[in-house]
Each structure stands twice: as structure tokens, then as C-alpha cells.
Amino acid sequence: MKQKLDKILEKYPAAVFKNRKQHIVVKDDSAEQPQTIAANVRTIPGIITNRGCCYAGCKGVVLGPLRDAVVLTHGPIGCGYYTWGTRRNKGRTKGDELNLLAYCFSTDLQESDIVFGGEKKLYQAIREAVDIFKPKTIFICATCPVGLIGDDIHAVALRAQKEFGIKVVAFSCEGYKGVSQSGGHHIANNGLIKHIIGTGEKAVGKYSINLLGEYNIGGDGWEIERILKKIGYEIVALIPGNGTVEDLKYAHKATLNVIQCHRSINYIGDMMRTKYGQDWLKVNFIGISSTIKSLRDLARYFDDPDLYARTEAVIAEELEEITPQIEEYRKICKGKTAALFVGGSRAYHYQHLFKDLGVETVLAGYEFAHRDDYEGREVLPTIKEDGDSKNIENLEVEPDPKHYRIFLSKEKYEQLKNEIQLNDYTGMIREMKNGSLVIDDLNHYETEEILKLLKPDIFCSGIKDKYVAHKAGIFSKQLHSYDYSGPYAGFRGAVIFARDIAMGLKTPSWKLVTPPWKTQPIIEGSYVC
Ligand code: CFM
Numbered sequence: 432m433k434q435k436l437d438k439i440l441e442k443y444p445a446a447v448f449k450n451r452k453q454h455i456v457v458k459d460d461s462a463e464q465p466q467t468i469a470a471n472v473r474t475i476p477g478i479i480t481n482r483g484c485c486y487a488g489c490k491g492v493v494l495g496p497l498r499d500a501v502v503l504t505h506g507p508i509g510c511g512y513y514t515w516g517t518r519r520n521k522g523r524t525k526g527d528e529l530n531l532l533a534y535c536f537s538t539d540l541q542e543s544d545i546v547f548g549g550e551k552k553l554y555q556a557i558r559e560a561v562d563i564f565k566p567k568t569i570f571i572c573a574t575c576p577v578g579l580i581g582d583d584i585h586a587v588a589l590r591a592q593k594e595f596g597i598k599v600v601a602f603s604c605e606g607y608k609g610v611s612q613s614g615g616h617h618i619a620n621n622g623l624i625k626h627i628i629g630t631g632e633k634a635v636g637k638y639s640i641n642l643l644g645e646y647n648i649g650g651d652g653w654e655i656e657r658i659l660k661k662i663g664y665e666i667v668a669l670i671p672g673n674g675t676v677e678d679l680k681y682a683h684k685a686t687l688n689v690i691q692c693h694r695s696i697n698y699i700g701d702m703m704r705t706k707y708g709q710d711w712l713k714v715n716f717i718g719i720s721s722t723i724k725s726l727r728d729l730a731r732y733f734d735d736p737d738l739y740a741r742t743e744a745v746i747a748e749e750l751e752e753i754t755p756q757i758e759e760y761r762k763i764c765k766g767k768t769a770a771l772f773v774g775g776s777r778a779y780h781y782q783h784l785f786k787d788l789g790v791e792t793v794l795a796g797y798e799f800a801h802r803d804d805y806e807g808r809e810v811l812p813t814i815k816e817d818g819d820s821k822n823i824e825n826l827e828v829e830p831d832p833k834h835y836r837i838f839l840s841k842e843k844y845e846q847l848k849n850e851i852q853l854n855d856y857t858g859m860i861r862e863m864k865n866g867s868l869v870i871d872d873l874n875h876y877e878t879e880e881i882l883k884l885l886k887p888d889i890f891c892s893g894i895k896d897k898y899v900a901h902k903a904g905i906f907s908k909q910l911h912s913y914d915y916s917g918p919y920a921g922f923r924g925a926v927i928f929a930r931d932i933a934m935g936l937k938t939p940s941w942k943l944v945t946p947p948w949k950t951q952p953i954i955e956g957s958y959v960c
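Per the numbering used here, the very first residue in the sequence shown carries number 432; after that it's consecutive.
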């Protein structure tokens, strides 16, 4: 495998060859040392990458799903437009709450604003949003040109906050700030900790949790909520899928933070632990076995006989409902292979669901994950500098004397720490099969070549690269927005995913496609701009 990969990479200029080699790992169970991978560094200019930008990570990913905030894009209209609804993060209003999810707010900067400054326009846009929607919160998100011309969005936010008596927070998340979306996650996490979380008070129940890093794509969060509530958990705040700023204010009151996507929200998990003493637990609600494991881990944290009993009863009930259907789809899926290339956590999460269906993952990669997402958090102290270090604040928080409290005794904590992923994440690489491939920031040239090499039955990726697979005659499923389908999480979601994968595998159309390289010569050097 290594020689075949080298052959693909040899087409690059020497410097690119050296760089890309560090981003590719062949899983080797016999390796004496844990395997390492280069990650969270900028893509070499000229390579056609699938990554997004820092603004997308802040505005589109972390802040966008909050239903009751005006998330105002300060920039040219394209930035707001292309982050408008395409991620399929859903939300449902309760009572007379404000639901702004369907709107796209933008200052629509023009050339004259770039020349003369856009601060006035930003202030006007805030005033207009206040007049029309009367929101309690406005988040301003900066795009590349705003950083380049130096608009002081924080000063405008402060002025508006005073004048309108509402919360106005600005985020300097210009697209170029970090490596892909991941820098934007960090900036948004910092802002929510500084300005929102911990600013409200309310009483919570016995089994209170926050659900972090779940975005309700295609309704995933609704399925997870259904299961958790059926068992008896109280969800204090959804951060952020289908969530509200109002609920986020009370998040410090919950006993435990439950983290689905580590990459996008681990900063909030860590900072809340320091500030309020709350532990966080890494879970995975994608996949049947992993959902069951996550529910059992959660019950272990609270260690209550009633909760154990409820957990087992719900698992049994749910399995009874889905097993006959899953078995039917499994017959179609069993023995197939999959290649997964998604943002910063799904290439890990979906391997578990594929395993439930008898599908083996032969390649998994991330667009912008950090080394800890690949290798586990134990490598964190060894990372001296990465793509975020230069531009993004590493917010230091202190214990809050009023709200700091610890749930577990020291002994209990030490014991549990070895059994469940408490305040820890062991990463993707160690769970992968011997001989499988792990590739960071897979690009279009490598996608084409590696699809030829591995010939997977299924390629799961995003909108930018799915057509590369289609044209190669390989069934491709989007794991970002789910191609109009979902939910895929939890028990019922697993059935929908199994159905979609079985349908895709059974579709004869993939076999009718002739890949372009079978009829056209490949022009040497055409893969690098
Ligand atoms: Fe987390 Fe996400 Fe992902 Fe992500 Fe994303 Fe997404 Fe994603 Mo697209 S927060 S890292 S920045 S799980 S939008 S809901 S699917 S790339 S793998």
C-alpha cells in the first residue's frame, strides 16, 4: 500500500510530496509507537482542498444553529448567502419564542463600503434588525474584507448594546483567520463562554445534562433528545443545534456536559470544567452499538439504580423496534467497503454505524481536525504550535466562586476515568483496522487517485467532492447535510441511514457511468495549479 501511495504522491513537486506524506497514515497495528499525523496546518496554495473557512466555522457551524439570535454577517452578500440553510441544521420553536433560523442577515458590503469603511452600515443593519425582529441577542460575524479594511466591529457592538439594551457580541472570525472551519469554532466557543454561558439562573433536576457539539443536521438532535428524555434526562441547554441563547445562559447549572462533536466544541467543554467544575463525557450517538455504549456510559456517570434500569429498558425497547428493519438492510450492506472524508468528527462517528451494517471502513479522513481528534487528547501537551496559535485567543478562565461545584468524589472520578471517555477523547486512529488509510485534508487529485486504488463501494464526503466519486461510478453519500435525508443519529436514525445506503448500493446507475480517465488521457501536471 505504501508504495502505491508513493506513486500517487510522486506526481507532486518535491516540497508538496514531502508535505502531503506527513498527512497520510497507513494504520499499522504492529507499530511500536502510536502513529502520528500532521493536521491543523494550512493547505499549500494551489491544491484544490475541500476545506471551508473560519467564518463558516463560527457563523455557519457554532452560532448559526441558535434559533433566537440574529446572526449578522458583516461582509459581501455571498458569505451570508452560502451559509444560509445549506447545512440543514433544523430548529423547532416552542411557544412564542423567536425563531430566526430561516433568515439570512447580512450587511451586503459593496465596493464603496470597502473603500470608505463599513461600520455605519453595520450599525444601521443592527438597528434595522432590532426594529423588525426585536431580538434579545445579536451576533456579528466578520468576513475577510472586514478584517482587511479594519472595521471595528467590537466598538459597533458595544455602542449598539448600550443603545438598544440587548446583547450584541462581535466575532472577529474573518475567513482567513484559522485553518479552515476549526479556527471559527474556537472563536465562537470563546465568545459564548465570555458573554453568554453562566449569565442566567434556574433550578435544574437530578439528571441534568447539556448536549454539546450536536447540530441537529437533518433532525439528528431531535432523535437524540427523544432517547435521552425517554430515559429521564433533563437537557438544560442544547449547544447549539436547535438551541437558544436563552437556554445557554443556564448551561452552567447542568451536572454534566455530553459532547458529540469533539472538534467543534471541546473548548467550551474544557472551559466549563475549569470555570464551573462540570465534567464532560465524549459520546457517539451515530451507530446502534455506539448509541447503546454512550447511554450506558452516561448512566455510569450518574450511577443511580433507577437510571440504569431505565437505560436498559429503553435500549431493549428501541432495539426491538429497529432490529427487523436493520437486519433486512444489513443483508444488502454486509461485506461492502466505505471511504469517509468529512470535516472534523463524522469520519470517526460514522465508522461505528457502518460497522453495525457490516461495512468496513478502508479510508477515513478529516478536513480540519486537529491531532487530538486523530491520535487522542494525550498528544495535546506535545503540540507546541498549530494553525490556531498565531491568530486565535486561547482564553484563560478561572473557577467561578459562586457556581463551581464538583459532582464526583475523587475516588469515583479516578475509577470512572479508566472506564469511560470522561474529559477525554481517544481519537480515531486507534480504532481503525490494520492496513486502513487515514488522510488529513484529502484533496481532489488524491480523491480521484485513491478511489481508483481502493475502489470502495461507498464514498462519504461533502458537496464539493461527491461528484468526483459519482463520475468514477462510485455511490457517494453526503455526510454533511445528508443529501436531503436524515436523521441518521440514534436508533431510528440508524434505520434511515441503513435504508439510504442500501438504496444507493442497489441503484444500477453507478455501473452505467464511465469514469473520464477510461476515455480521456490524463494530462501530466494538470492536478496542481
Ligand atoms: Fe463537528 Fe459538525 Fe463535523 Fe464540524 Fe462541519 Fe457539519 Fe462536518 Mo460539515 S461541527 S466537525 S464544521 S460534526 S458542518 S455538523 S458535517 S464539516 S464532520
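For every residue, glycine included, the Cβ atom is placed at its ideal position computed from N, Cα and C.
{"query": "Cα separation between G636 and R930?", "result": "38 Å"}
{"query": "Which value, in whole angstroms, describes the spacing of the CA atoms of A778 and C891?", "result": "9 Å"}
{"query": "Using C-beta distances below 6 Å, list every residue in its chain close to D819, excluding the 5 sequence neighbours before and after it, in chain order.", "result": "G609, G614, H617"}
{"query": "In whole angstroms, what separates the C-alpha of I719 from that of K883?", "result": "31 Å"}
{"query": "Would you identify the three-state DSSP class for E850, choosing helix, strand or coil?", "result": "coil"}
{"query": "In the DSSP assignment, what residue or residues form a beta bridge with N874?", "result": "T480"}
{"query": "Measuring only the C-alpha atoms, how far is S543 from L579?", "result": "14 Å"}
{"query": "Of all the alpha helix (DSSP H) runs that stay within the bounds of the region 559-598, which reach a length of 4 or more residues?", "result": "575-580, 584-595"}
{"query": "Quick check: the Cα distance between K776 and R519, rounded to an integer number of angstroms?", "result": "Going by the sequence as given, residue 776 is Ser instead of Lys. Approximately 17 Å, taken between the alpha carbons."}
{"query": "Under 8 Å from any heavy atom of the ligand FMN, does the C-beta of A933 make it?", "result": "For the structure depicted, the ligand FMN is absent and the ligand set comprises only the ligand CFM."}
{"query": "Where in the region 613-679 do unbroken runs of the beta strand (DSSP E), each at least 3 residues long, occur, reported from the N-terminal end onward?", "result": "639-645, 665-671"}
{"query": "For G506, does the three-state DSSP call read helix, strand or coil?", "result": "coil"}
{"query": "Considering only residues of the same chain and omitting the five flanking positions on each side of I655, which have a CB-CB separation below 8 Å?", "result": "L642, E645, Q691, F716, A920, G921"}
{"query": "By DSSP's criteria, I455 is part of a beta bridge. Which residues make up the other side?", "result": "I870"}
{"query": "Quick check on DSSP: helix, strand or coil for F602?", "result": "strand"}
{"query": "Going by beta carbon distance, what residues of the same chain come within less than 6 Å of L873, once the five residues before and after it are set aside?", "result": "F772, G796"}
{"query": "Run through DSSP, which three-state label would C535 get?", "result": "coil"}
{"query": "To the nearest angstrom, report how far apart I468 and P736 are at their CA atoms.", "result": "43 Å"}
{"query": "Helix, strand or coil: which one does DSSP assign to T768?", "result": "strand"}
{"query": "Do the region 514-531 and the region 659-674 meet, that is, are 3 or more Cβ pairs less than 8 Å apart?", "result": "yes"}
{"query": "If you measure from the CB of A634, is any heavy atom of the ligand CFM nearer than 8 Å?", "result": "no"}
{"query": "Is it a yes or a no for the region 780-791 touching the region 745-765, going by three-plus beta-carbon pairs under 8 Å?", "result": "yes"}
{"query": "To the nearest angstrom, how far is the alpha carbon of R802 from that of S695?", "result": "14 Å"}
{"query": "On the criterion of 16 or more Cβ atoms from any shown chain inside 10 Å, does I658 qualify as buried, or is it exposed?", "result": "buried"}
{"query": "So for A470, helix, strand or coil by DSSP?", "result": "coil"}
{"query": "Flag A747 as yes when its Cβ comes closer than 8 Å to any non-hydrogen atom of the ligand CFM, and as no otherwise.", "result": "no"}
{"query": "Give the DSSP-derived three-state secondary structure of L529 in the structure shown.", "result": "coil"}
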